[in-house]
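Trainee: Have a look at the structure that comes next, please.
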Amino acid sequence: MSAVVHLVDDDNDVLVALGRILRTEGFEVAASASTREFLDRYDPDLPACIVLDLSMPEMDGLQTQALLESRGIACPVIFLTGCGDVHSSVCAMKRGAIDFLTKPVEADALVDAVTRGLETDRRARVQAEEQCRVAMRFAALTPREREVLHHVLAGRLNKQIAADLGIVEKTIKVHRSHVMHKLGVRSVAELVRLAERAHVA
Numbered sequence: 014m015s016a017v018v019h020l021v022d023d024d025n026d027v028l029v030a031l032g033r034i035l036r037t038e039g040f041e042v043a044a045s046a047s048t049r050e051f052l053d054r055y056d057p058d059l060p061a062c063i064v065l066d067l068s069m070p071e072m073d074g075l076q077t078q079a080l081l082e083s084r085g086i087a088c089p090v091i092f093l094t095g096c097g098d099v100h101s102s103v104c105a106m107k108r109g110a111i112d113f114l115t116k117p118v119e120a121d122a123l124v125d126a127v128t129r130g131l132e133t134d135r136r137a138r139v140q141a142e143e144q145c146r147v148a149m150r151f152a153a154l155t156p157r158e159r160e161v162l163h164h165v166l167a168g169r170l171n172k173q174i175a176a177d178l179g180i181v182e183k184t185i186k187v188h189r190s191h192v193m194h195k196l197g198v199r200s201v202a203e204l205v206r207l208a209e210r211a212h213v214a
């Protein structure tokens with residue numbers, strides 16, 4: 014799946030110049046003159062990063078970053094500005110911006126920031142896919158298996174779990190075996206680590 018670098022700037026000359034630099038380096042580029050135009054063409058299924066102008070008339074870069082966050086769009090952002098605004102830079106980085114570049118931007122700095130942005134997006138997608146696979150494993154557990162799981166995670170022994178749930182210890186062993194098999198783990202330590210990754214209490 015081909016990654017896209019979204020350029021968002023109200024200055025067409027900047028869009029052309031940055032697009033030329035990035036295409037020369039083999040990046041696929043999509044240029045937008047406003048946040049609205051970017052949102053119309055953005056495809057969340059495609060790996061991407063955004064090179065975003067800080068100062069735009071309709072909606073500035075920080076407002077755009079906040080809007081993306083509110084919509085759950087986790088595409089990495091690289092800011093571009095004509096003036097080095099320290100306060101804006103701090104706000105942008107606190108919200109997770111990859112970099113804050115000053116115009117006229119050097120080609121090497123732009124390529125480096127975009128490369129890091131796309132790599133950040135790639136890692137986030139791999140992590141999200143893994144998280145989804147883990148969640149699906151937990152979703153396959155029956156209500157009783159989930160109940161037993163929580164007791165196991167609390168460090169309780171089979172005998173204690175059986176007493177708490179009012180069933181025989183042999184049945185607890187069967188449920189516990191099913192839990193381990195469905196989750197693809199072989200020890201309680203592995204089970205605990207997997208549960209932490211899935212945010213299972």
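Everything in the sequence shown is counted per the numbering used here, starting at 14 for the first residue and increasing by one.
No residue lacks a Cβ here, since even glycine has one placed at the ideal position from N, Cα and C.
1. Assuming contact is defined by CB atoms lying nearer than 8 Å, are V17 and A61 in contact in what I supplied?
2. Can you give the beta carbon distance from V64 to L20, rounded, assuming they're within the 8 Å contact cut?
3. For H19, name the three-state secondary structure that DSSP assigns.
4. Quick one: any contact between the region 114-128 and the region 74-82, if contact means 3 or more CB pairs under 8 Å?
5. Given that a residue counts as buried once 16 or more other Cβ atoms are within 10 Å of its Cβ, and exposed if not, what is R189?
6. If you run the structure through DSSP and keep just helix, strand and coil, what is T94?
7. Just the Cα atoms here: how many angstroms apart are V181 and V161?
8. Roughly how many whole angstroms lie between the Cα atoms of L170 and H163?
9. Does D58 pass the burial test, meaning 16 or more other C-beta atoms within 10 Å, or should it be called exposed?
10. Could you check whether the Cβ of A120 sits closer than 7 Å to any heavy atom belonging to the ligand SAM?
11. List the endpoints of the continuous beta strand (DSSP E) containing E203.
12. Return helix, strand or coil for I86, following the three-state DSSP convention.
13. Measure from the alpha carbon of G168 to the alpha carbon of each residue in R54, V124, V205, R129, then state which is nearest.
14. Mind checking D26: buried by the 16 CB within 10 Å criterion, or exposed?
15. Apply the 10 Å Cβ neighbour rule to T94 and answer buried if 16 or more other Cβ atoms are within range, or exposed otherwise.
16. Just how far apart, CA to CA, sit A137 and G74?
17. Rounded to the nearest angstrom, what separates K183 and L52 at their Cα positions?
Mentor: In brief:
1. Between V17 and A61, the gap from beta carbon to beta carbon is short of 8 Å.
2. 5 Å
3. If DSSP states are grouped into helix, strand and coil, H19 belongs with the strands.
4. no
5. buried
6. strand
7. 13 Å
8. 12 Å
9. exposed
10. In terms of ligand content, the structure shown is empty, and the ligand SAM therefore cannot be addressed.
11. Per DSSP, E203 lies in no beta strand (DSSP E) segment; the continuous alpha helix (DSSP H) that holds it begins and ends at 201-210.
12. coil
13. Checked all of R54, V124, V205, R129; the closest Cα to G168 is V205.
14. exposed
15. buried
16. 22 Å
17. 57 Å
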